Amino acid sequence: MDASIRNHTLSTGECHIRYWMNPADAADSTAVPNLSFTELHGVYYYVYPSSLVISHSTTEPDNNKMKEKRLKQLVADLWQLIHLEYEFHFRATGPNFQSVHELFQKFYEQDLKMVDELSEHLHADGIEAPVRLPEIKKFAGLKMPKLQIYSTESCLEAARSVKSTFSIEASKLAEDLDPVLADVVTELARLQHKHLYLIKQALD
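In this note's numbering, the protein residues as written are 727 to 930.
This is the structure in structure tokens:
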């Protein structure tokens, strides 16, 4: 059985603390003779005759860290998306500039409200949402387009591509979250779908 063993001194004397990386290994009663099992406050105790073995599965902490990382990435990607919408709001050129100009303003104003709401929920859960530029760059994973020509059509097409990817990212993440946070992320995904519809209307 693949396990790491460390010595630890308790008030009753010396014992071994064994950490199993694989929960299936920890649950394997054949690994320890005369094994008895109990659980107290989320800590799993495997008791030998005359000794105490404490087994911690790393699965739950690892899952929590992964969710936190994905949430930070979502916020960072949303900030990047807002910046892109702001950029297209000012740089788009063409005969229908005014309507596209106003459309992107509507997008970034709505997304700003969402990033604020999402960040507040993360802070309530003890997670520091990225907000500074170095933090956004560190956690962002969404690839941003770099346009050479800012025609209204090019801006709309680029925004459609990014928002489509982002909405999928948000929808997948929502499936793994607690109900309250999942509702916020789902609302964010729905907003992007609404924006995608408006972009389609503008391109038709």
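Every residue, glycine too, gets a C-beta built ideally from N, C-alpha and C.
The structure displayed is predicted, hence computed values, not measured ones.
In the assembly as shown, serine 845 is a buried residue. Its beta-carbon has 16 or more other beta-carbons within 10 Å. With respect to serine 893, alanine 866 sits apart: the two C-beta atoms are not nearer than 7 Å. Annotation for histidine 921: Phe833, Lys889 place their beta carbon closer than 7 Å to its own, counting only its chain and skipping 5 residues before and after. DSSP links serine 877 through a beta bridge to Thr819. The residues Ser893, in chain order, have a CB closer than 8 Å to that of histidine 919 in the same chain once the five nearest residues on each side in sequence are set aside. Taking all protein chains shown into account, glutamine 824 has fewer than 16 neighbouring C-beta atoms within 10 Å of its C-beta and is therefore exposed. Residue environment: leucine 859 is assigned as exposed (fewer than 16 neighbouring CB atoms within 10 Å of its CB, all protein chains considered).
Note that the C-beta distance between proline 856 and alanine 900 is not below 7 Å.
Relative to threonine 819, the option among Gln806, Ile875, Gln927 whose CA is nearest is Ile875.
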